[in-house]
Amino acid sequence: ARRTRGCTASGSAHAGADPAFAKPVSIIVDTDCGFDDLMAIACLTQSAPGRLALVTTVHGMSAQPSISARCVREMLQRITDDASSNIQVESGASEPIVPLHPEHAI
18 ARRTRGCTAS GSAHAGADPA FAKPVSIIVD TDCGFDDLMA IACLTQSAPG RLALVTTVHG
78 MSAQPSISAR CVREMLQRIT DDASSNIQVE SGASEPIVPL HPEHAI
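Offset between the sequence shown (1-based) and the working numbering: plus 17.
Shown next as structure tokens:
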């Protein structure tokens with residue numbers, strides 16, 4: 018494995034692995050866009066270049082998912098090259114679709 022900006026990347030399939038699972042797959046990230054999520058997305062773009070296809074943002078760090086989506090887009094513009102400009106970023110729900118249980122309420 019090689020290190021890329023603090024992220025570990027594997028250069029080849031695991032020895033003895035089924036070749037059907039060695040084929041790269043596209044990655045979709047659904048996030049509330051917290052700082053830890055932004056760091057994970059940054060690491061993902063460096064350790065698996067070209068595989069991140071879609072990032073969806075929901076309520077969380079911002080009450081408006083569109084603001085979270087803008088943050089992700091701006092971060093991607095700063096840390097990736099033109100080859101990564103095809104990563105789609107979309108905003109999702111502005112509130113939970115499933116109500117929180119009372120014990121999880123703030």
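Beta carbons are placed, not taken as given, at the ideal position from N, Cα and C, and that holds for glycine.
Out of curiosity, what's the CA-to-CA distance linking residue 108 and residue 63? Stepping through the sequence shown from its first residue, residue 108 is reached at position 91. Stepping through the sequence shown from its first residue, residue 63 is reached at position 46. Between residue 108 and residue 63, the C-alpha separation is close to 23 angstroms.
Thinking C-beta only, is residue 96 closer than 8 angstroms to residue 70? Within the sequence shown, numbered from 1, the residue matching residue 70 stands at position 53. Within the sequence shown, numbered from 1, the residue matching residue 96 stands at position 79. The answer is no: Cβ separation not under 8 angstroms.
Proximity winner among 42, 52, 80, relative to residue 113 (alpha-carbon distances): For this step, residue 113 is matched to residue 96 along the sequence shown. Residue 80 is the option with its Cα nearest to residue 113.
Of the residues 53, 76, 60, which one's Cα is nearest the Cα of residue 115? Locating residue 115 in the sequence shown gives position 98, counting from the first residue. Checking every option, the nearest Cα to that of residue 115 belongs to 76.
Residue from 120, 40, 86 whose Cα sits closest to the Cα of residue 58: Here residue 58 refers to the residue found at position 41 of the sequence shown. It is 86.
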